[in-house]
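Reviewing the structure listed below.
Residue numbers (the UniProt record's numbering): 1 to 311.
The following block contains the structure:
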């Protein structure tokens, strides 16, 4: 692999010395690109292209399906296809046209809907409500525990997310606040719906995974525990000393308890925000701030690092 990278760097250096040449590249996994490739003088301007929001999905489909579906149908289709990329939306339209040709019929809204249902079936109302409650819990917790204001929240057929800026650095208190907020989606489900779904614990990017990483970092990497022993992040969890694992579990349990108490106190607000989120499917910074005006926000003290991310 190193030989491949060195060969590419040689070519890039030659091209960068050639007047009038502009280099453009794209990747779906920027984390795996060698840092030497993206340094100044090579691919040094980076533009992140996220999947389109609901408005973007609707605009794309409106253009691609002009004269085929009604405005109301377009709205429903935009809701159904939220979270998908432009390439996936293109594939949807292509599949719909293929269906029409296979049937020997004129291209119609029925073909579009059949393709959409096969690609991404719409959410059942009860699951939509559960996801909305979960994300509303994250929003309320961010205000209750004094985290940076969320910049967006949305619910899609593949799940939901709340995005907020990174905390530049953490103290014990601000890390605890972050832990509580991460676990508040599960807590909101328990308070409002009476039980917890698997959504908060599915996969390496789930709430439980995120919370465990935070608690692990506090104990083994930031020196927030009773010992100053640093444990490399790549250490298998089973090899971490048992006393440390017990303290990590205790931190998670305490944060979950605190999160549930907060969700219980603000249940009415959670239900109100969940209803809006379920209807609109996505909220921007201003809309979120308006919904959280009744909850006093206290600034978070900051002293150690945490990556930006979603809840």
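Backbone N, C-alpha and C fix where the C-beta goes; we use that ideal spot for every residue, glycine too. Bear in mind that the values here come from a model prediction, so they are computed numbers and not experimental data.
- Excluding the 5 residues flanking it on each side, residue 203 has same chain C-beta neighbours closer than 8 Å at 209, in chain order.
- By the beta-carbon neighbour count (other beta carbons within 10 angstroms, threshold 16), residue 198 is exposed.
- The beta carbon of residue 221 sits closer than 8 Å to those of 230, 231, 233, all from its chain and outside the five residues before and after it, given in chain order.
- A buried status is given to residue 80, since no fewer than 16 other beta-carbon atoms sit within 10 Å of its beta-carbon.
- Excluding five sequence positions before and after residue 95, the CB atoms of its chain that fall closer than 8 Å to its own CB belong to 115, 118, 119, given in chain order.
- Take residue 188, set aside five residues on each side of it, and the residues of its chain with a beta-carbon closer than 7 Å to its own are 133, 134, 136, 137, 263, 270, in chain order.
- Three or more Cβ pairs closer than 8 Å define a contact, and the stretch 248 to 263 meets that threshold against the stretch 179 to 188.
- Taking the Cα of residue 224 as reference, the smallest distance to any Cα among 156, 237, 246, 170 is reached at 170.
- Counting along the chain, residue 282 sits inside the beta strand (DSSP E) bounded by residues 282 to 284.
- Residue 154 places its beta carbon 8 Å or farther from that of residue 48.
- Annotation for residue 162: the continuous beta strand (DSSP E) segment containing it runs 159 to 164.
- In the three-state scheme derived from DSSP, where H, G and I count as helix and E and B as strand, residue 21 is classed as coil.
- Residue pairing by DSSP places residue 156 opposite 159 in a beta bridge.
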